[in-house]
Amino acid sequence: MVECEHCGKKFSDQRSCHSHIRGVHDEARQMCRYCGKMFRRRCDLYQHERRHRTANLPCKYCDKIFKVGKDLQAHIATHEGGKRFHCSHCDKELTSYRNLKNHIASIHQKERPFACQQCKKTYSKASSLQVRLIELQLV
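Laid out in structure tokens, this is it:
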């Protein structure tokens, strides 16, 4: 029997234990291939990506279909003239608090927390890093 050094769970062999550690305890960040959201645990990423593959949420005003409920809500707000979030640094208006936070961090605070491990270039959005990773695979 092999015991996980992090949680004490027991496994019949080293390979199973190693797989468990990578999937549950590994600190390496995993990125969703659909939206770029980052996860510490592979099992959380798997559940998140499953929602992308199974959800089909249509907009009641147009033909757009969304995989994530929050994205649909933000989109509907554009049709309904919903609550606007004003940037205190510039005149920009955004449709959600999350978008406002991302705007301030990337544009005004110059935060670039997403780094390409191959070329070391940094990005303000996970989706921008994802595009770069796809470009590197095509070259």
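When we follow numbering that gives the first Met the number 0, the leftmost residue of the sequence shown carries the number 0, and every step to the right adds one. Every residue, glycine too, gets a C-beta built ideally from N, C-alpha and C. It should be emphasised that the depicted structure is a prediction, and the values quoted were computed from it without experimental measurement.
Residue i vs residue j beta-carbon contact at 9 Å
{"i": "Q129", "j": "R40", "result": "no"}
{"i": "F84", "j": "L93", "result": "yes"}
{"i": "Q29", "j": "M37", "result": "yes"}
{"i": "F10", "j": "E4", "result": "no"}
{"i": "A76", "j": "V67", "result": "no"}
6 Å CB neighbourhood of residue i in its chain, flanking five on each side removed
{"i": "V138", "result": "Note that V138 scores a pLDDT of 48, beneath 50, so its modelled location is shaky and nothing firm can be said."}
{"i": "H78", "result": "Y60"}
{"i": "G151", "result": "The first residue shown for the chain is 0 and the last is 138, placing residue 151 beyond what the model contains."}
Other residues of its chain near residue i: CB distance less than 7 Å, five sequence neighbours each side excluded
{"i": "H139", "result": "Absent from the structure is residue 139, since the part of the chain shown begins at 0 and ends at 138."}
Nonlocal neighbours in the same chain, by C-beta distance under 8 Å from residue i, ignoring five residues either side
{"i": "N98", "result": "A73 and F84"}
For residue j and residue i, believed in contact at Cβ under 8 Å, the rounded distance
{"i": "C118", "j": "L132", "result": "Wrong, their Cβ atoms sit about 10 Å apart, outside the cutoff."}
{"i": "H19", "j": "K8", "result": "7 Å"}
Worksheet entry | Segment contact, 8 Å Cβ cut-off, at least three pairs: the segment 117-131 with the segment 100-108 | yes
Practice prompt. Could I get the ranges of all uninterrupted alpha helix (DSSP H) runs contained in the segment 46-89, with 4 residues as the minimum, in chain order?
Written response: Restricting attention to alpha helix (DSSP H) runs no shorter than 4 residues, the segment 46-89 encloses them at 68-79, ordered along the chain.
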